[in-house]
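In the numbering used here, the protein residues as written are 14 to 126. Virtual Cβ for every residue (Gly too), placed ideally from N, Cα, C. Just so we're clear, the structure is a prediction, and the values are computed from it rather than from any experiment.
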């Protein structure tokens, strides 16, 4: 009864294949590991470039547009509180200072009749 380790058994099995087949398989495995390592390294670098570029270029634009939307909503809420529920919609069409005033009450005299 001979006890073999796994590595001894695998080494014995490799001896049944010709030298050319063993070298070709070894080269293929080595190349596969090398390609996987290179792909991982390049992918990691590319991901870093994309993430840092997005942070520097895209996020500030998104924050500015969000701030502009918030300011617009704030102005609409102020108009609605000051002038009533219909003022937020119709107030944007009137010149500043004229919103909510009846005709003839602005800075211009009423039209002649």
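*Express the C-alpha separation of residue 73 and residue 67 in angstroms, rounding to a whole number.*
Spanning the two alpha carbons is a distance of roughly 9 Å.
_First and last residue of the uninterrupted alpha helix (DSSP H) at residue 79_ = Where residue 79 is concerned, the enclosing alpha helix (DSSP H) starts and stops at 72 to 96.
*asked:* Quick check on residue 92: buried or exposed, where buried means 16 or more other Cβ atoms within 10 Å of its Cβ?
replied: Per the 10 Å Cβ criterion, buried.
*Leaving out five residues on either side along the sequence, give the residues of the same chain with a beta carbon under 8 Å from the beta carbon of residue 47.*
Correct list: empty, nothing qualifies.
*Tell me where the alpha helix (DSSP H) around residue 17 begins and ends.*
Boundaries for residue 17: no alpha helix (DSSP H) harbours it, and the DSSP string shows neither H nor E there.
*asked:* Could you compute how far the alpha carbon of residue 35 sits from the alpha carbon of residue 71?
replied: When rounded, the separation of the alpha-carbon atoms in residue 35 and residue 71 is 52 Å.
*Since residue 32 is in the alpha helix (DSSP H), which residue starts that stretch and which ends it?*
Looking at the DSSP string, the run of the alpha helix (DSSP H) that includes residue 32 is 32 to 66.
*What is the DSSP secondary structure of residue 24, counted as helix, strand or coil?*
The DSSP-derived three-state label of residue 24 is helix.
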